[in-house]
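First the structure, in the form of structure tokens, and then the observations on it.
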Amino acid sequence: MTVNTRPVRRGGSTRWTVGKRSLPGRRSVLAAVLVGVFLAGCSGGEDGEYPAADASGSQTVEVSVPDLSDVARQGAELFASNCSECHGPSAGGSSQGPPLVDKIYEPGHHADFSFIRAVEVGSAQHHWSFGDMEPVPGLSPEDVNNIICYVRELQYANGIFTDAGGLSACEA
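For what it's worth, this note's numbering labels the leading residue of the sequence shown as 199, then goes sequentially.
As structure tokens, then:
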């Protein structure tokens, strides 16, 4: 059997075809790979890998607050008024939401983009039992970056990660 493959030019782009079916372009393949990588990063772990909430439904951690950069100080104020109701003071968790000062949220597992998406469109529950996170309206991209900087500085100071490259949101 001979397969007829040839490039077909339509609307300024070239698509390869097999017979009468066109093959997916590089962009489609790249998009599929990126979605797969993102979903793999969001998958849950083995049973027992993530801490369970206590009897009150709370999963809190003690957080040591370091001297903060100017960007993180702005983020701390925004966090207090937009995030702490669920994520607790100093991102240590509450009965409403998980602690963000946790290995689960280190930059290598939940990149800054994950926080941006959670603020913009919400986040499906996948590590904890608190339910889905709703979007947080009214925050500018700069506000979100400042909050991320605050959380990353807390994580870094509390040993969640040790590579200062994880503090990229704090670069002014």
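Glycine included, each C-beta is placed from N, C-alpha and C at the ideal position. Just so we're clear, the structure is a prediction, and the values are computed from it rather than from any experiment.
{"query": "Anticipated Cβ contact below 8 Å, L276 with N344, distance rounded", "result": "6 Å"}
{"query": "Reduced DSSP secondary structure (H/G/I, E/B, other) of S366", "result": "helix"}
{"query": "Short CB-CB distance (under 8 Å) between D268 and chain D", "result": "You won't find chain D in this structure, because it holds only one protein chain."}
{"query": "Three-pair Cβ contact test at 8 Å for the region 310-318 versus the region 339-355", "result": "yes"}
{"query": "Counted within 10 angstroms of its Cβ, other Cβ atoms place V319 as buried (16 or more) or exposed", "result": "exposed"}
{"query": "CA-to-CA distance, W326 to A362, given in whole angstroms", "result": "27 Å"}
{"query": "Buried/exposed call for L352, threshold 16 Cβ in 10 Å", "result": "buried"}
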